[in-house]
Amino acid sequence: MSSKALEISRNMEIPGRKMDFEFDLKALPRYWYDNNAFKSTYMNALSCLFPEGERMFIDAVRDNKHKVSDPKLLEQIKGFIKQEAIHGQEHHLFNEYLDSLGYPASKVEAFEKKEKRLMKKWIPAIDRLAVTCAVEHFTAIMAHDLLEHPERSDGVDENFKQLWRWHAIEETEHKAVAFDVYQAAGGGYFRRVFNMLIVTIMFCLRASIVQGIFLWKDGNLFKPSTWIDGFKFYFGKGGLTRSIFKNYIDYYRPGFHPWDHDNREYLKSWIAEAQSYRAV
Ligand SMILES: [Fe+2]
Ligand SMILES: [Fe+2]
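My numbering applies: residue 9 is where the sequence shown begins, and numbers increase by one.
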């Protein structure tokens with residue numbers, strides 16, 4: 009593991025911020041993302057998976073915390089827990105808005121809750137932490153993609169854009185916390201990559217099923233235009249899969265560390281930008 013990445017990780021400050029966004033969810037159009045059904049339902053599906061997922065990450069980190077002795081990492085764990093708890097609350101509010109549009113967001117959340125309870129009961133803490141590291145890698149590379157390509161959020165309500173950017177920034181700040189706890193807990197390479205394989209299949213499948221339900225609800229699932237938009241979104245020029253693939257695959261390298269990919273420049277510029285809508 010590179011000493012530069014470990015040093016960046018060790019010096020990272022992870023504050024829990026209670027944000028104060030001024031937007032009225034009721035005023036958001038149904039297809040709030042670029043007036044596009046595919047893109048909007050994709051983000052809606054992710055939002056439904058976030059609250060319980062984030063609660064599971066918090067539990068997995070907490071359940072391995074006793075193996076950590078570094079005071080700096082213990083402090084970062086506190087920041088990680090605060091950030092993820094606040095994200096979960098913000099997304100839960102958004103999911104209530106999705107319910108009001110007739111999407112079964114609460115049902116998805118309830119299903120997720122049951123599943124996470126079973127996971128906690130049957131899966132050892134170190135494996136739940138390996139799952140957390142894998143999903144955190146996904147969120148970190150997707151957050152990086154959003155920050156690297158601000159044009160991706162063209163057409164999104166300005167205040168709402170701030171919410172997604174804030175989440176992306178905090179996912180970047182704490183991207184290595186679960187990973188560093190996993191290392192401190194003695195987690196090995198094979199467990200890490202095996203869980204990444206499982207998470208990749210489950211995450212893609214689950215997000216697609218939830219999105220499929222939302223598209224079906226609106227009568228968009230079988231429209232050719234939806235599938236064309238979806239293909240462009242994932243595989244077109246500048247599409248998401250092409251954009252994140254290199255960073256995704258890096259996770260399988262022995263010696264990988266999340267801060268091998270140093271993207272701290274986005275943190276600095278966001279903190280300056282965020283002063284305009286909330287003191288950071
Ligand atoms: Fe989060
Ligand atoms: Fe996270």
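Ideal Cβ positions, reconstructed from N, Cα and C, are used throughout, including at glycine.
Kindly examine ligand 1 and report whether one of its heavy atoms sits closer than 6 Å to the Cβ of E117.
-> no
Classify A287 as buried or exposed, calling it buried when 16 or more other Cβ atoms lie within 10 Å of its own Cβ.
-> Low confidence applies to A287: its pLDDT is 48, below 50, so where it sits in the model is not reliable, and the reading given next is rough at best. So A287 ends up on the exposed side.
Burial state of R261 (16 or more Cβ within 10 Å) | exposed
When the distance is taken between beta carbons, is N52 closer than 7 Å to A142?
-> no
Return the bridge partner residues of V164 from the DSSP annotation.
-> Y41
Near H182, what residues of its chain come up, given a Cβ to Cβ distance below 6 Å and the 5 sequence neighbours on each side ignored?
-> I22, F88, Q91
Among D42, I131, D78, which residue has its Cα nearest to the Cα of D67?
-> I131
At least 3 beta-carbon pairs within less than 8 Å: the region 236-251 vs the region 185-194 | no
Distance CB(V139)-CB(V207) smaller than 7 Å | yes
In whole angstroms, what is the alpha-carbon distance linking K73 and F198?
-> 21 Å
Outcome for Q84 when other beta-carbon atoms lying within 10 angstroms are tallied against a minimum of 16 = buried
Would you mind sorting Y56 into buried or exposed? The rule is 16 or more other CB atoms within 10 Å of its CB.
-> One point to set straight first is that residue 56 is Cys, not Tyr, in the sequence displayed. Burial call: buried.
Enclosing alpha helix (DSSP H) for F291 [first to last residue] = Here the chain has residues from 9 to 288 only, and residue 291 is not among them.
Straight-line Cα distance separating K80 from G110 | 45 Å
Sort K12, S216, D188 by Cα distance to V76 and report the nearest one.
-> D188
What number of angstroms, rounded off, separates the C-alpha of G96 from the C-alpha of A176?
-> 13 Å
Taking all protein chains shown into account, do 16 or more other C-beta atoms lie within 10 angstroms of the C-beta of K12, making it buried, or fewer, making it exposed?
-> exposed
Can you give me the start and stop residues for the alpha helix (DSSP H) that T111 sits inside?
-> A quick correction: the sequence has Tyr, not Thr, at residue 111. Y111 -> no alpha helix (DSSP H), and no H or E assigned at all.
Short Cβ contact (7 Å threshold) for P266 with A215 | no
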